[in-house]
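Number of protein chains: 2
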Amino acid sequence: MADLNSLDVLIQALRRLPGVGVKSASRMAFHLLQHDRPGALALSRALQVAADQMRHCERCHTFTQADICATCLDPRRDASKLCVVETPADQSALERTGAYHGLYFVLMGKLSPLDGIGPKDIGLKGLFDRACDGTVQEVILATNFTAEGEATAHVISEGLKSRGLRLTRLARGVPVGSELEYVDLGTIAHALLDRR
Amino acid sequence: MADLNSLDVLIQALRRLPGVGVKSASRMAFHLLQHDRPGALALSRALQVAADQMRHCERCHTFTQADICATCLDPRRDASKLCVVETPADQSALERTGAYHGLYFVLMGKLSPLDGIGPKDIGLKGLFDRACDGTVQEVILATNFTAEGEATAHVISEGLKSRGLRLTRLARGVPVGSELEYVDLGTIAHALLDRR
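Written out as structure tokens, the structure reads:
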């Protein structure tokens, strides 16, 4: 068998990636060493730089290398709309639609009482301060449609409802391209309720 | 959206891993930055060290940090048996069985004429020299049971058959734990032929 030490260390390190077990990690390690050493070094540098330089935007909490992220600084953005998402990945999905031109607030988590994650841990105070800065007129709740995401949206709407803001939630409904026959009943029920 | 630059560079670098597309790469990057920065730095170091230090054993061509790997140097190994495998991952699978105590020769590839990979590219000359060193008495062909693996085994057996060595191939047969009803016919036919 190939020597232990640095190969094993690499396999163990790759296993820390989400969704990567020991088999995938071995395959990745062997691939990089056998076919793509420049790729291994590029990944090494990229990890180092990102872990060193990435921090949170002071306004929206997303990842950025500057104090304030490019989205928050963009003057073409509609500052009267604030879209609340759980993670930068969710924000990125919304951005890729090209259908939203307001600003964001990234919670970097969600309420999850079972895991001991309460309102303080996801910085709801910061969100409430931001939403009540006088510029924001509409808060769009775009947390996920999971139990935790719904609970998070509920707590935020409770916290903001007396502040004179317009509070909206992403529409629940039938996914584009799908056939009713195969859509789950809860989704169809919501699509009926929210028909327009 | 989160700033480009070092986050995007990281996502692109992660995409060079086998089996990782842009969605998985984003998830990995966000996970490391959000929840496991020590993991990101550990992976960065492990990649750097492995890419710098890993080279091929002079005797068996597997990955090692020394000139000659620990397996080749182990005096308890039976040097009269030489098992030919395609990759260190295959070698590792054989080692984990605990059923083999001979030495290895790792081709680091397989014949693949369609990809322009011929006998010279996978170092068959080195294998032939090694097999005819006077110590080796049996060569066990453990290349994969794919078209390329079978072709590789065939070429090796042709090259070695006049040298007075015992040439064997891993048995083809019904996998342990499986039911005949669900095993493919080619495998059952081989299991019949190779019955003992």
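Residue numbers (my numbering), protein chains in the order written: chain W, 4 to 199; chain E, 4 to 199.
Just so you know, even glycine gets a beta-carbon here, dropped at the ideal spot from N, CA and C.
Below-8 Å beta-carbon distance, residue i vs any chain E residue
| i | result |
| --- | --- |
| W/S115 | no |
| W/R62 | no |
| W/N147 | no |
| W/H34 | yes |
| W/V3 | Since the first residue of chain W shown is 4 and the last is 199, residue 3 of chain W is not available in this structure. |
| W/D39 | yes |
| W/R30 | yes |
| W/A82 | no |
| W/L46 | yes |
| W/Q140 | no |
| W/L13 | yes |
| W/L110 | no |
| W/L10 | yes |
CB contact below 8 Å: residue i versus chain W
| i | result |
| --- | --- |
| E/P78 | no |
| E/F66 | yes |
| E/D6 | Low confidence applies here, because E/D6 scores a pLDDT of 48, under 50, leaving its location unreliable and the question unanswered by this model. |
| E/P21 | yes |
| E/A16 | yes |
| E/G42 | yes |
| E/Q56 | yes |
| E/L106 | no |
| E/V52 | yes |
| E/A49 | yes |
Three-state class that DSSP yields for residue i in the structure shown
| i | result |
| --- | --- |
| E/V142 | strand |
| E/L170 | strand |
| E/R175 | coil |
| W/R30 | helix |
| W/R40 | helix |
| W/R48 | helix |
| E/R58 | strand |
| E/D132 | helix |
| W/V12 | helix |
| E/T155 | helix |
| E/T190 | helix |
| E/G24 | coil |
| W/G180 | coil |
| W/G162 | helix |
Nearest to residue i (by Cα), restricted to the options the options
| i | options | result |
| --- | --- | --- |
| W/L170 | W/H157, W/S181, W/E141, W/L188 | W/E141 |
| W/A145 | W/T138, W/H59, W/V88, W/R198 | W/V88 |
| W/S115 | W/A45, W/L35, W/E153, W/E98 | W/E153 |
| E/G105 | E/S95, E/T74, E/P21, E/D93 | E/T74 |
| W/R199 | W/Y185, W/A174, W/L10 | W/A174 |
| E/R172 | E/I159, E/G180, E/P178 | E/I159 |
| W/F131 | W/S29, W/R62, W/F148 | W/R62 |
| W/G137 | W/G121, W/L168, W/K164 | W/L168 |
| W/I120 | W/L196, W/E151, W/A102, W/A96 | W/E151 |
| E/R99 | W/K26, W/A82, W/A69, W/Q51 | W/K26 |
| W/D11 | E/L44, E/L195, E/L50, E/G176 | E/L50 |
| E/G162 | E/N8, E/E182, E/L127, E/V179 | E/L127 |
| W/G189 | W/T149, W/S165, W/M57, W/K164 | W/T149 |
| E/P201 | E/G42, E/Q15, E/N147, E/D124 | Residue 201 of chain E lies beyond the stretch modelled for chain E, which goes from 4 to 199, so this question has no answer here. |
| W/A134 | W/K113, W/L117, W/V109, W/D118 | W/V109 |
| W/V139 | W/C72, W/L44, W/R80, W/T65 | W/R80 |
| W/C86 | W/A32, W/I143, W/G42 | W/I143 |
| E/Y107 | E/D39, E/K84, E/P122, E/V179 | E/K84 |
Cβ of residue i within 8 Å of any chain C Cβ
| i | result |
| --- | --- |
| E/M57 | Protein chains W and E are contained in the structure displayed, whereas chain C is not. |
Check: residue i C-beta below 7 Å from any heavy atom of the ligand SAM
| i | result |
| --- | --- |
| E/E89 | The ligand content of the structure shown is nil, which means the ligand SAM is not present either. |
**OP:** Write down every uninterrupted run of the beta strand (DSSP E) in the region 60-128 of chain W whose length is 3 residues or greater and which is fully enclosed by it, in chain order.
**Re:** Counting whole runs of 3 or more residues, the region 60-128 of chain W contains the beta strand (DSSP E) stretches 81-88, 105-109.
Subject >> Where the region 85-101 of chain E meets chain W: residues whose CB sits under 9 Å from a CB there >> reply: T90, P91, A92, Q94, S95, L97, E98, R99
**OP:** Return the residues of the region 158-190 of chain W that lie within a Cβ-Cβ distance of less than 7 Å from chain E, sorted by chain order.
**Re:** none
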